[in-house]
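Undergrad:
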Amino acid sequence: MDLDLRSSWWIRNVEIPTRLVLAPMAGVSVQAFRRQGRRFGAGLVCSEMVSCAGIEHRNERTLGYLRVASDEHPLAIQLFGSEPGTMAEAARMVEAAGADLVDLNFGCPVRKVTKTGAGATMLDDPDRACRVVAAIAEAVELPVTVKMRRGVRNGSRDCLVVGPRLVEAGAASITLHPRSAQQMYTGTADHALTAELASLVDVPVVASGDVTSRARAQAVLATTGAAAVMIGRAAQGNPWVLEEIVDGVEREPSREEIVAELLLFVRQTVRELGERRAHGFLKKFYGWYLGRGRFPRQFKQELVTVSSLDEVERRLLAAAPDARELVEELEADVPPGDEITLELPISIYGGG
Ligand SMILES: Cc1cc2nc3c(=O)[nH]c(=O)nc-3n(C[C@H](O)[C@H](O)[C@H](O)COP(=O)(O)O)c2cc1C
């Protein structure tokens, strides 16, 4: 029998109301993305990876990633780094910021990260990886979770050795993206490894990689024994896929719905990042959102070139005038800002 994707599961004392986790994605997983993900059925959302060195040096932009809104919970904030002491200190900040889980990135394959000994490189140094997990588990009350790849090199099965050791060191859940770091995003995620890992550890395992439909989600859950599936690229500009996977309702959103969701996303991102940063950041989202709804190609291309976000909004509303009312309704449902504010430079909270 298929698992009810709307059933809850637990990571220690944190209840996660559905079997879908929204993936951490650098350059994508802003608050607007996470809040939308929760609204459409993700039971758990995650920040993009946050640099422990950036936190240590009180880099303003890095500290901005520690903002948590009341409608995001449960939420994990993901850290990357390689020094147990620095990472434990950063985890304390994550706890103070109000996150429910602290997640560790042992999977990033990007050179900028791996050359510092962080990300997937941690899989080549299991002793260090265990010291990091143990130091954080000691430093905070929050459950510590780990997200990792199968190993660094193609064909690696290191995750099956490192995973159980990390659990012994204190990891309360493991997410496996069963590609090697060398593979980046080529080939396919080999969820036979996810099944092996799930059989070796007594904490919940989350399966990440190539889950794009309800049928695939059900198949991965049924064949791996994972507690949940993680959805990444399929949810870029497409929150409706989460609804489809979790509830089994296949529904093409109307043009107005698409524009309303995009407008809410734009407005929330401006509040989070400030107008100037949001302008560049949002460009990739236009193509992602407007891929459905039969918008003319030229319309999509022009949005990327206009000079202000006011103009983006004007053009979107001209293309779907009834979206105005819808976005107003969506905004009315957003809970009032009762974010936890850390003792940090004020500009962080002004969208700087
Ligand atoms: C643009 C992008 C950024 C990503 N950034 C992160 C990250 O910050 N931390 C992380 O653990 N994984 C990151 N990932 C990996 C995803 O979380 C996920 O494991 C991977 O995309 C496979 O899932 P999918 O096939 O559902 O996309 C990123 C992936 C993409 C495409």
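Numbering (my numbering), first residue to last: 2 to 353. Where a beta carbon is used, it is the ideal one built from N, C-alpha and C, also for glycine.
(1) Could you compute how far the alpha carbon of Leu23 sits from the alpha carbon of Ala319?
(2) Consult DSSP for Pro85 and reduce its assignment to one of helix, strand or coil.
(3) Gln299 to Ala97, Cα distance in whole Å?
(4) Once the 5 residues before and after Leu291 are set aside, which same chain residues still bring their CB inside 6 Å of it?
(5) For the beta strand (DSSP E) holding Thr176, just list the boundary residues, first then last.
(6) State yes or no: is the C-beta of Ala218 within less than 9 Å of the C-beta of Leu67?
(7) Can you name, in chain order, every residue of its own chain whose Cβ lies under 6 Å from the Cβ of Gly118, other than the five neighbours on each side?
(8) Leaving out the 5 sequence neighbours to the left and right, which residues in its chain are closer than 6 Å to Pro165 when beta-carbon positions are compared?
(9) Output the distance between the C-alpha atoms of Pro18 and Arg277, rounded to the nearest integer angstrom.
(10) Could you tell me which of Met50, Ala170, Met88 sits nearest to Val114, measuring between CA atoms?
(11) Reducing DSSP to helix, strand and coil, say where Arg150 ends up.
(12) Is Ser30 closer than 9 Å to Cys53 when the C-beta atoms are compared?
(13) Tell me which residue opens and which closes the beta strand (DSSP E) that Ala236 is part of.
(14) Output the distance between the C-alpha atoms of Gln184 and Ser209, rounded to the nearest integer angstrom.
(15) With distances taken Cα to Cα, identify the nearest neighbour of Asp3 among Thr306, Thr224, Leu331.
(16) Run through DSSP, which three-state label would Glu90 get?
(17) Consult DSSP for Ala77 and reduce its assignment to one of helix, strand or coil.
(18) Of the residues His74, Glu57, Pro25, which one's Cα is nearest the Cα of Arg39?
(19) Spell out a yes or no on whether the segment 312-327 and the segment 251-262 are touching, meaning 3 or more CB-CB pairs, one atom from each, closer than 8 Å.
(20) Looking at the C-beta of Lys116, does it have a partner C-beta in chain D at a distance below 9 Å?
(21) Identify the residues that DSSP records as bridge partners of Glu361: which are they?
(22) Taking the alpha-carbon positions, what's the Glu1 to Cys109 distance?
(23) Could you check what DSSP says for Leu21 in three-state terms: helix, strand or coil?
(24) Going by DSSP, what residues sit across from Ala229 in a beta bridge?
(25) Can you determine whether any heavy atom of ligand 1 sits closer than 8 Å to the C-beta of Val29, and answer yes or no?
(26) Buried or exposed for Ala89, please, with buried defined as at least 16 other CB atoms from any protein chain shown within 10 angstroms of its CB.
(27) Let's test the definition: count the other Cβ atoms within 10 Å of the Cβ of Gly188 and tell me whether it reaches 16, buried, or not, exposed.
(28) So is the beta-carbon of Tyr290 under 8 Å away from any non-hydrogen atom of ligand 1?
(29) Note down the Cα distance separating Val242 from Thr213, rounded to an integer number of angstroms.
(30) Please state if the CB of Trp11 and the CB of Pro205 are separated by a distance shorter than 9 Å.
(31) What are the start and end residues of the beta strand (DSSP E) that includes Leu102?
TA: On the basis of the data shown:
(1) 32 Å
(2) helix
(3) 46 Å
(4) So the qualifying residues of the chain are Lys301.
(5) 172-181
(6) no
(7) Ser83
(8) Leu201, Val202
(9) 36 Å
(10) Met50
(11) strand
(12) The Cβ-Cβ distance between Cys53 and Ser30 does not fall below 9 Å.
(13) First-last for Ala236: undefined, no H or E at that position.
(14) 15 Å
(15) Thr224
(16) helix
(17) strand
(18) The option with the nearest alpha carbon to Arg39 is His74.
(19) yes
(20) Among the protein chains of the structure shown there is no chain D, as only one such chain exists.
(21) For residue 361 there is no data in the structure shown, the boundaries of the chain being 2 and 353.
(22) There is no way to answer for residue 1, as the model of the chain reaches only from 2 to 353.
(23) strand
(24) Val207
(25) For Val29, the CB falls within less than 8 Å of some heavy atom of ligand 1.
(26) buried
(27) exposed
(28) no
(29) 8 Å
(30) yes
(31) Per DSSP, Leu102 is one residue of the beta strand (DSSP E) stretching across 102-107.
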